[in-house]
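Enquirer:
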Amino acid sequence: MKRIVVAVTGASGIIYAKRLLDALCGKAEVYVIISDAARQVSAVEGLSLDGYPFHYEENAEIGAKIASGSFLYDAMVIVPCSMKTLSAVANGYAESLIVRAADVALKERRTLIIVPRETPYNRIHLTNMLKANDAGALIMPASPSFYTHPETIEELADVMVARILDHCGIEHNLQKRWGDA
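In this note's numbering, the protein residues as written are 137 to 317.
1) With respect to the alpha helix (DSSP H) encompassing residue 243, which residues constitute its N-terminal and C-terminal limits?
2) For residue 211, name the three-state secondary structure that DSSP assigns.
3) Please name the residue, chosen from 169, 198, 215, that lies closest to residue 153 on a Cα-to-Cα basis.
4) Can you tell me which of the three DSSP states residue 299 falls into?
5) Would residue 167 and residue 194 be called neighbours here (beta carbons separated by less than 8 Å)?
6) Return the bridge partner residues of residue 261 from the DSSP annotation.
7) Pick helix, strand or coil for residue 138, following the three-state DSSP scheme.
8) Can you tell me which of the three DSSP states residue 192 falls into?
9) So, using beta-carbon positions, are residue 175 and residue 211 closer together than 8 Å?
10) Sort out for me which residues DSSP pairs residue 166 with in a bridge.
11) Which residue wins for smallest C-alpha separation from residue 242, given the options 226, 220, 140, 306?
12) Taking the alpha carbon of residue 159 as the point to measure from, which residue in 293, 314, 315 has its own alpha carbon closest?
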């Protein structure tokens, strides 16, 4: 079974994290880190990220095992990723468990998927995305496709979740593939 770290930050779009956690149930061993800002946004957006059968880590616990390169996992996903967190990852400012774990993913050459949820982007955002990409992260903006004809907000979010799962190497049936739609 794959081991995945899911970090949730304070950008709008908590539904992406929730749908990812839903999809990972029974398919992976999951470690979840939720920032304080993400908890505030989840309350505003009316979505809870608690109660899953996963390992929850405190973002302030910089010494948690997922902050160590000796702790093996297959992928880390930051979803949604705030511009603050993106900046910290891109510039190696590991002041929280989320950023420390991302820093470890980069140094250990593990899959790190960053899902920024912001629009429009300014030059600083784009520069930070480029820096994170150049360091080894996969930048996957929350820009779902529409060829699958999603009818609900959950189906729309699942378009992105399906792409995330693909890059984590986890099988799913969340959407039809191009040519099958």
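Virtual Cβ for every residue (Gly too), placed ideally from N, Cα, C.
Expert: Result, derived from the coordinates:
1) Per DSSP, residue 243 is one residue of the alpha helix (DSSP H) stretching across 233-243.
2) Strand.
3) Ranking 169, 198, 215 by Cα distance to residue 153 puts 215 first.
4) Under the three-state reduction of DSSP, residue 299 is assigned to helix.
5) In this structure, residue 167 sits away from residue 194, with a CB-CB distance that is not shorter than 8 Å.
6) In the DSSP output, where bridge partners are listed per residue, residue 261 has none listed.
7) In this structure, DSSP gives residue 138 an extended state, which the three-state scheme calls strand.
8) Three-state result, residue 192: strand.
9) In this structure, residue 211 does not lie closer than 8 Å to residue 175 by Cβ.
10) Answer is 140.
11) Closest by alpha carbon: 226.
12) Of the candidates 293, 314, 315, 293 places its Cα closest to the Cα of residue 159.
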